[in-house]
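A.B. asks:
Below, the structure is given as structure tokens:
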């Protein structure tokens, strides 16, 4: 029985050695390092890729009548807005007016849509560039944090990241469901 096991071990050892020699004759160490590095970096980057986890569910339902979003500061998606509505300044709820650029940084609020009773994440971007604010200023700031640290409050000047440009108006983009 011991002789049979020894023969089997020798046979496996010979098979493994032959396989390794064949692999070594076809590729060098650098090739192996290159492939291993590619797998390692690819494995680290793969979890960072964006993906759609909405499962086909659309974003917040908008008003049925005419499909327009109200220019009223009391509309649900403006729950954490601090600034003038771009829809009153030549832009729209989601686009800056001509002559302005969206701020490079933004603040996010969680607003409840009364139509479906769900909470949505809303990204607020200041539109920078034109002097002076237009339209009526909305100051809802529901669930807003104190402004002792920049980035925690909507009252911060988000156009600072765009250089020395002033705030003109603010857009409110529904990002998705808050979970």
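Numbering (the numbering used here), first residue to last: 2 to 180. Yeah, the Cβ is synthetic: ideal placement off N, Cα and C, and Gly gets one too.
With a 10 Å radius around its C-beta and 16 neighbouring C-beta atoms as the bar for buried, classify residue 104 as buried or exposed.
C.D. replies: Working through the chain shown from its first residue, we reach residue 104 at position 103. In summary, residue 104 is buried, with 16 or more beta-carbon neighbours lying within 10 Å of its beta-carbon over all protein chains present.
A.B. asks: Within 10 Å of its beta-carbon, does residue 35 have 16 or more other beta-carbons around it, so buried, or fewer, so exposed?
C.D. replies: In the chain shown, residue 35 corresponds to position 34, counting from 1. When all chains shown are included, residue 35 counts as exposed.
A.B. asks: Buried or exposed for residue 82, going by 16 or more other Cβ atoms inside 10 Å?
C.D. replies: Along the chain shown, one-based indexing puts residue 82 at 81. Answer is buried; the Cβ neighbour count reaches 16.
A.B. asks: Please name the residue in 117, 46, 72 and 178 whose C-alpha comes closest to that of residue 171.
C.D. replies: Counted from its first residue, the chain shown places residue 171 at position 170. Considering only alpha carbons, the answer is 72.
A.B. asks: So what's residue 190 in DSSP terms, helix, strand or just coil?
C.D. replies: Nothing can be reported for residue 190, as the shown portion of the chain is limited to 2 through 180.
A.B. asks: Can you give the beta carbon distance from residue 85 to residue 138, rounded, assuming they're within the 8 Å contact cut?
C.D. replies: Within the chain shown, the letter at position 84 stands for residue 85. Within the chain shown, the letter at position 137 stands for residue 138. About 5 Å separates the two Cβ atoms, so the contact holds.
A.B. asks: Would the beta-carbon of residue 120 fall within 8 Å of that of residue 159?
C.D. replies: In the chain shown, the residue the question calls residue 120 occupies position 119. In the chain shown, the residue the question calls residue 159 occupies position 158. No, the Cβ-Cβ distance between residue 120 and residue 159 is not below 8 Å.
A.B. asks: Could you tell me how far apart the beta carbons of residue 112 and residue 168 are, in whole angstroms, since I believe they sit closer than 8 Å?
C.D. replies: Here residue 112 refers to the residue found at position 111 of the chain shown. Here residue 168 refers to the residue found at position 167 of the chain shown. Between residue 168 and residue 112 the Cβ distance is about 21 Å, and since that is not below 8 Å, they are no contact.
A.B. asks: Can you grab the Cα-Cα spacing for the pair residue 69 / residue 39, in whole Å?
C.D. replies: As a working mapping, residue 69 is identified with position 68 in the chain shown. As a working mapping, residue 39 is identified with position 38 in the chain shown. Linking residue 69 to residue 39 through their CA atoms gives a straight-line distance of about 49 Å.
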